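Undergrad: Sending over a structure as structure tokens; questions will come in a sec.
Number of protein chains: 2
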Amino acid sequence: QLVVVDLVAGEARLVDVPGPVVDPRPDPTGRRVAWHHDGGLWVVELDDASTARELAGSQEPLVRWGIAEFAAAEEMDRDRGYWWSPDGDALLVARVDEAPVPRWWIADPAQPSTPPSEVAYPAAGTANASVTAWIVGLDGSLTEVPWDAEAWPYLVGAGWDAQGPMIALQPRDQRALDVRAIAPATGASDSIHQGTDPVWVERLPGTPARLDDGRLVMGRDGERGRRLIVGGEAVTPDDLNVRAALHVGEAEVLLSANPLDDATVVDVWRWSKDGLERITDGAGVHTAAAGGGTVVVRSTSLDRDGVRTAVIGGAELASLAATPLVRPEVAIRHLTERRLATALLLPSAPEHDGPLPVLLDPYGGPHAQRVLQSRGAFASSQWFADQGFAVVVIDGRGTPGRGGPWERAIAGDLASGVLDDQLDALAALAEVEPRLDLSRVAIRGWSFGGYLAALAVLRRPDVVHAAIAGAPVTDWRLYDTFYTERYLGHPDEDPAAYERSSLIADAGKLERPLMLIHGLADDNVVSAHTLQLSAALLAAGRPHEVLPLTGVTHMASQEDVAENLLLLQLDFLRRSLHL
Amino acid sequence: QLVVVDLVAGEARLVDVPGPVVDPRPDPTGRRVAWHHDGGLWVVELDDASTARELAGSQEPLVRWGIAEFAAAEEMDRDRGYWWSPDGDALLVARVDEAPVPRWWIADPAQPSTPPSEVAYPAAGTANASVTAWIVGLDGSLTEVPWDAEAWPYLVGAGWDAQGPMIALQPRDQRALDVRAIAPATGASDSIHQGTDPVWVERLPGTPARLDDGRLVMGRDGERGRRLIVGGEAVTPDDLNVRAALHVGEAEVLLSANPLDDATVVDVWRWSKDGLERITDGAGVHTAAAGGGTVVVRSTSLDRDGVRTAVIGGAELASLAATPLVRPEVAIRHLTERRLATALLLPSAPEHDGPLPVLLDPYGGPHAQRVLQSRGAFASSQWFADQGFAVVVIDGRGTPGRGGPWERAIAGDLASGVLDDQLDALAALAEVEPRLDLSRVAIRGWSFGGYLAALAVLRRPDVVHAAIAGAPVTDWRLYDTFYTERYLGHPDEDPAAYERSSLIADAGKLERPLMLIHGLADDNVVSAHTLQLSAALLAAGRPHEVLPLTGVTHMASQEDVAENLLLLQLDFLRRSLHL
């Protein structure tokens, strides 16, 4: 069943439809709802008693209408597969055919009677899902939107606004972006924007989008900060780094951005014909959502627990969140001539006054920052600090907020520069913080951070004396096409980039304690990463520890698992650093 | 292709048959060969150019003719599913239907693109394969051998001798054994022996069998040693424990047996109308094979490396085996009033002269002994001893060689008595060997020994300070019907026996280092045992280590894996005992 809630009237009603209902979305007029079900795109009218009907469907089991395939949802920042027309009489729909994609099996070996699930996993160098776009009318019409899918296989974005439907496409090497306006009656399309980059084109989240006057809103990278482009003109200065178009209105854009020289503070800005203004306070981390003339801002900062949510010009929303048991005290510095954002957390208790063992606690990879002016981001770090560590969190090259060249500095090699920045910032911090005991340094991380932790202990045992690698990538050939090939290219074309960046061949170098943690149900960074590294370590006679997490996916978010993981990591650190 | 080798003529020829060929066996006349292929039983005549033909087959995918199902091969000491008639014109054939058996999946999570294999695993309390017996004529005739399969579901043995075909059956609770002689023309059968036991009937390996005069050769348990029974009469004394009928000839039986009070020495004996004589030397471990008037004896002992193989009254076969790098020096004692067989191995190097940390190195479960007068059995133990340990190997109650009551002492509880015997013998040994440092005691084991190691560290952390559990059973409900129900009954009827004997509920008690090792391809003790215990330990916040072995089944016999496993275990022991 669909539950339809009328917030204005304060009423809810139930609509009988076949289930399960995936990704239901009302049309802009509020008269009907579409959703994905069993390979097809379904719709029901809310204002009469008609039954749900399938607008587009398929008999082929691997073809689905209206969903975002794995790479789109995980890597393209596109979590949907259909877009309503403004008047609700048609939709732009992605048709996804996963038949070409290699099948992987994700089993639960702790429950041998549970059949393994089969997933279409586009590992680097293998075939992607075949994605096409269609105009689907409520009258039952199906009109394909043809393009050269051989050259432009990736549908990275789409939308349908007052000017009509549009799509954004990228080639497999991601070095170009083509935005095309579609004539909905015929499916024919014209390019309205083409961008290129010798390394890769980074699509600004929230774009492409259009103002009511038809001007296209995009992002563009140069030598300094990422800029917002409206109608082909840069409307932000190059010392501001634009992070996303949060909302594109009739004649204005809400954007999030940070000073190019300080990615730890993120403000919301408004651009309109009257110019650019910052609408948040220049400290902390802010984002916004807008609609119906209302702008809601969500703010976190270092001087306050939790999240503050407020309507601009209106009330603050009460937060019922509990106060965390740990109280992060975060000192942020920008160290070395590269201005590496570095957070230091020390034990809260005064008895810890001697030299402190160091725990590096990074993510360190593209598309995610750890060093932000947001207290809640440091809760786990402070917990470790309170156990008697100097916890150090560093964002190095490749992480967001420092502009295009900074992000692209990792192209072809995800290992050496990333690792150098961690160790350079640590050395610089130790010069100004003599309490750091560099003879006892551990590192922990999850996902890319897990990769970085394993990388550090394998390649720099002189500096890093123990590592906890959670859900790490260990062989980039086992990670997905869209992410991995953006940084390392196609493995057939640049195998050396994969060799440089992967860890399996380093197994014989391990001479420090290493704990590998991996969810066996992880269908993003599959547990094969950890198991293959463990097998290589065994084959090299290198002791190490593995903690396989039963029923856990890429994020070990189950409360009891997460809490106990902290305890087991602490035990490992104490054993390994002889504390 | 079949390769047919004529050893007398010294010739080999190839016969084209459809493959794969499983379990090929020539008939007693040497004129034809049968084998299992693709669910069917196939035969080819060797003396003409005729092609292979399927004698019995099935369209049902889970029905197979002529194979031994999992429980038969793993637990019943029956590794075959068909038996030739003496003149080679018919066969007694088992038809196995695995449709009732639950499906389990064994995946290789290190290779996610490899499809998981589906196995029919009869876990305790679940359905077994349905096995029927058939007389299959070379003329194409199929005659079922009917019996009350509801009451007697287990076909534990079979054969076809000069008196005709026969089968041995057991009920699900294994408290009876029925041997039935079959009329091959009709399939009708008559019981020629019925045995019962209030706990379980232990079928003597090599039986049932018949002498040429028709007398049935069986085993029988009493209050003391297991005895050989010929024609209903015991022909061995009750201070000798018979272990197997190695060969049943026209009018004689070769058997293996040990003195009831010393299971560490195993001799070959010959029984005939002239009485019982020991034909090996009363020291070491001997076994024999016979045929065509020749008896070959295979011998190992504590004073010699490797295996000695000799024809009785003839030549010794040269052994080309390399001399092991370690030279076990084994001191065997029988300790406590229970006369627990206990082997002690000390470091070879003289510099180890202080108190020694102790490594218990048991198996400890039914159907396998560790303390035998056989040097090669102690190679790994001596290797550990040479690293600076006093290695102690103990066989307690439930292990073979000490007679029926000793073996049945574990019924209903695989844990407490088994563990007590280990710790009692260790305490007794320490009284006479003051070099044992009881403040540093570790235990390692594989399979049942892995179970015992985990059991010991969980329940007796006062005595055992670290454990390495390889391929352990942790929840007896996950082990198979025929083995587990023999000792613990049906889990629905005696759930308490399963609670007592299983380890998952003990996870919260762990306070000592525990390393779990398990082959992820193990289809006997599946890796779920280790993963479920690890998950329970994590849920209880108990630190532990796991070493998942990629591509490794129940026995980690790959040379590089086995060698490196030793190194990683040693590293764990040194860390855990602070050596």
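From first to last, the protein sequence lines are chains E and B. Here the first sequence is numbered in my numbering, starting from 1 and rising by one per residue. Here the second sequence is numbered in my numbering, starting from 580 and rising by one per residue. Just so it is clear, CB atoms sit at the ideal spot from N, CA and C, and this is done for glycine as well. This structure is a prediction, so every number in the text was calculated from the model and none was measured.
With 16 as the cutoff for other CB atoms within 10 Å, does R243 (chain E) come out buried or exposed?
TA: Position 243 of the first sequence, counting from 1, holds the residue named residue 243 (chain E). So R243 (chain E) counts as buried.
Undergrad: In terms of residues, what are the limits of the beta strand (DSSP E) holding A244 (chain E)?
TA: Within the first sequence, numbered from 1, the residue matching residue 244 (chain E) stands at position 244. Segment L240 to V248, the beta strand (DSSP E) holding A244 (chain E).
Undergrad: Could you tell me the boundaries of the alpha helix (DSSP H) in which W985 (chain B) lies?
TA: Walking along the second sequence from the start, residue 985 (chain B) turns up at place 406. Its alpha helix (DSSP H) spans residues G983 to R987.
Undergrad: Do you know offhand how far P355 (chain E)'s Cα is from V295 (chain E)'s?
TA: As a working mapping, residue 355 (chain E) is identified with position 355 in the first sequence. As a working mapping, residue 295 (chain E) is identified with position 295 in the first sequence. Spanning the two alpha carbons is a distance of roughly 48 Å.
Undergrad: Using 9 Å as the threshold, is the C-beta distance between L1117 (chain B) and L565 (chain E) below it?
TA: Here residue 1117 (chain B) corresponds to residue number 538 of the second sequence, with the count starting at 1. Here residue 565 (chain E) corresponds to residue number 565 of the first sequence, with the count starting at 1. Yes, these two residues count as a Cβ contact at 9 Å.
Undergrad: Against V526 (chain E), what residues of chain B qualify as contacts under a CB-to-CB distance less than 7 Å, listed in chain order?
TA: By one-based count along the first sequence, residue 526 (chain E) stands at place 526. Correct list: P691.
Undergrad: As a quick exercise: from B:G618, B:V814, B:W985 and B:V715, pick the residue whose alpha carbon is nearest that of Q638 (chain B).
TA: As a working mapping, residue 638 (chain B) is identified with position 59 in the second sequence. Minimum Cα distance to Q638 (chain B) is reached at B:G618.
Undergrad: Whole angstroms are fine: how far does the CA of L2 (chain E) sit from the CA of G704 (chain B)?
TA: The sequence position of residue 704 (chain B) within the second sequence is 125, counting from 1. The sequence position of residue 2 (chain E) within the first sequence is 2, counting from 1. Looking at the two C-alpha atoms, the distance is approximately 42 Å.
Undergrad: Assign T921 (chain B) to one of three DSSP states: helix, strand, or coil.
TA: By 1-based counting over the second sequence, the position of residue 921 (chain B) is 342. DSSP places T921 (chain B) in strand when its eight states are reduced to three.
Undergrad: Between which two residues does the alpha helix (DSSP H) holding T294 (chain E) run?
TA: Along the first sequence, read from residue 1 onward, the residue named residue 294 (chain E) stands at position 294. Looking at the DSSP string, T294 (chain E) is not in any alpha helix (DSSP H); the run it does join, the beta strand (DSSP E), is T294 to S301.
Undergrad: If you follow the alpha helix (DSSP H) that G1029 (chain B) is in, where does it begin and where does it stop?
TA: Numbered from 1 along the second sequence, position 450 holds the residue referred to as residue 1029 (chain B). Taken as a continuous stretch (DSSP letters only), the alpha helix (DSSP H) holding G1029 (chain B) covers F1027 to R1038.
Undergrad: How many angstroms separate the CA atom of V392 (chain E) from the CA atom of W271 (chain E)?
TA: The residue labelled residue 392 (chain E) in the question sits at position 392 within the first sequence. The residue labelled residue 271 (chain E) in the question sits at position 271 within the first sequence. Distance between the alpha carbons of V392 (chain E) and W271 (chain E) is about 36 Å.
Undergrad: So, helix, strand or coil for P750 (chain B), using DSSP?
TA: Taking the second sequence and counting its residues from 1, the one referred to as residue 750 (chain B) is at position 171. Looking at P750 (chain B) - three-state DSSP - the assignment turns out to be coil, as it is neither helix nor strand.
Undergrad: From the DSSP secondary-structure annotation, give me the bridge partner or partners of I1022 (chain B).
TA: In the second sequence, the residue the question calls residue 1022 (chain B) occupies position 443. Per DSSP, B:L939 and B:A1046.
Undergrad: State the Cα-Cα distance for the pair L46 (chain E) and V526 (chain E), rounded to the nearest angstrom.
TA: In the first sequence, residue 46 (chain E) corresponds to position 46, counting from 1. In the first sequence, residue 526 (chain E) corresponds to position 526, counting from 1. Taking the straight line joining both Cα atoms gives about 42 Å.
Undergrad: Which class does H529 (chain E) belong to by DSSP, given the choice of helix, strand or coil?
TA: Counting from 1 along the first sequence, the entry for residue 529 (chain E) is found at position 529. H529 (chain E): helix per DSSP, three-state reduction.
Undergrad: Tell me the DSSP secondary structure of V594 (chain B) in three-state form.
TA: Working through the second sequence from its first residue, we reach residue 594 (chain B) at position 15. The answer is strand: DSSP assigns V594 (chain B) an E or B state.
Undergrad: Where does D1054 (chain B) land, buried or exposed, given buried means 16+ other C-beta within 10 angstroms?
TA: Numbered from 1 along the second sequence, position 475 holds the residue referred to as residue 1054 (chain B). By the 10 Å Cβ count, D1054 (chain B) comes out buried.
Undergrad: In three-state DSSP terms, what is T1060 (chain B)?
TA: Along the second sequence, one-based indexing puts residue 1060 (chain B) at 481. T1060 (chain B): helix per DSSP, three-state reduction.
Undergrad: Hey, out of B:G944, B:D999 and B:T1109, whose CA is closest to F1027 (chain B)'s CA?
TA: The count along the second sequence starts at 1 and reaches residue 1027 (chain B) at position 448. Here the closest residue by C-alpha is B:G944.
Undergrad: Do we get a CB-CB distance below 9 Å when we pair S1136 (chain B) with the residues of chain E?
TA: Here residue 1136 (chain B) refers to the residue found at position 557 of the second sequence. No, no contact with chain E.
Undergrad: Please name the residue in E:G293, E:L240 and E:A321 whose C-alpha comes closest to that of G282 (chain E).
TA: Along the first sequence, one-based indexing puts residue 282 (chain E) at 282. If we check each option's Cα against that of G282 (chain E), E:L240 comes out closest.
Undergrad: By the three-class DSSP mapping on this structure, what secondary structure does N258 (chain E) have?
TA: Here residue 258 (chain E) corresponds to residue number 258 of the first sequence, with the count starting at 1. Correct three-state label for N258 (chain E): strand.
Undergrad: Would you kindly check if the distance between the Cβ of D992 (chain B) and the Cβ of P941 (chain B) is under 9 Å?
TA: Taking the first residue of the second sequence as 1, we reach residue 941 (chain B) at position 362. Taking the first residue of the second sequence as 1, we reach residue 992 (chain B) at position 413. No, Cβ-Cβ distance for P941 (chain B) and D992 (chain B) is not below 9 Å.
Undergrad: Helix, strand or coil, according to DSSP, for I504 (chain E) in the structure here?
TA: Residue 504 (chain E) sits at position 504 when you count from the first residue of the first sequence. Note: I504 (chain E) maps to helix in three-state DSSP.
Undergrad: Under three-state DSSP, which class holds A321 (chain E)?
TA: One-based indexing of the first sequence puts residue 321 (chain E) at position 321. It is coil, neither helix nor strand.
Undergrad: If D791 (chain B) and E829 (chain B) are in contact, beta carbons under 8 Å, what's the gap, nearest whole angstrom?
TA: Taking the second sequence and counting its residues from 1, the one referred to as residue 791 (chain B) is at position 212. Taking the second sequence and counting its residues from 1, the one referred to as residue 829 (chain B) is at position 250. 4 Å between Cβ atoms; contact.
Undergrad: Taking only beta carbons into account, state which residues of the stretch 142–176 of chain E come closer than 8 Å to chain B, listed in chain order.
TA: Within the stretch 142–176 of chain E, no residue has a Cβ that lies closer than 8 Å to any Cβ of chain B.
Undergrad: DSSP state of G996 (chain B), grouped into three classes?
TA: Numbered from 1 along the second sequence, position 417 holds the residue referred to as residue 996 (chain B). The answer is helix: DSSP assigns G996 (chain B) an H, G or I state.
Undergrad: Can you check the stretch 943–976 of chain B for any alpha helix (DSSP H) of at least 4 residues that lies completely inside it and give the ranges in chain order?
TA: Whole alpha helix (DSSP H) segments, 4+ residues: 958–965.
Undergrad: Pull up the distance between the alpha-carbon of R1121 (chain B) and that of G738 (chain B), whole angstroms please.
TA: Mapped onto the second sequence, residue 1121 (chain B) falls at position 542. Mapped onto the second sequence, residue 738 (chain B) falls at position 159. Taking the straight line joining both Cα atoms gives about 52 Å.
Undergrad: Do you know offhand how far L62 (chain E)'s Cα is from R78 (chain E)'s?
TA: On the first sequence, residue 62 (chain E) is found 62 positions in, with the first residue counted as 1. On the first sequence, residue 78 (chain E) is found 78 positions in, with the first residue counted as 1. Those two C-alpha atoms are separated by around 20 Å.
Undergrad: Extract the residue ranges of the beta strand (DSSP E) inside the stretch 175–251 of chain E, only unbroken runs of 3 or more that lie entirely within it.
TA: Correct list: 176–182, 189–196, 216–220, 227–230 and 240–248.
Undergrad: Going by the CB atoms, is the gap between V253 (chain E) and A263 (chain E) shorter than 9 Å?
TA: Looking up residue 263 (chain E) in the first sequence gives position 263. Looking up residue 253 (chain E) in the first sequence gives position 253. The answer is no: Cβ separation not under 9 Å.
Undergrad: Leaving out five residues on either side along the sequence, give the residues of the same chain with a beta carbon under 6 Å from the beta carbon of L138 (chain E).
TA: On the first sequence, position 138 is the one that residue 138 (chain E) refers to. Correct list, in chain order: D89.
Undergrad: What in chain B is Cβ-close to D560 (chain E), meaning under 7 Å?
TA: Residue numbering aside, residue 560 (chain E) sits at position 560 when the first sequence is read from its first letter. A1118, listed in chain order.
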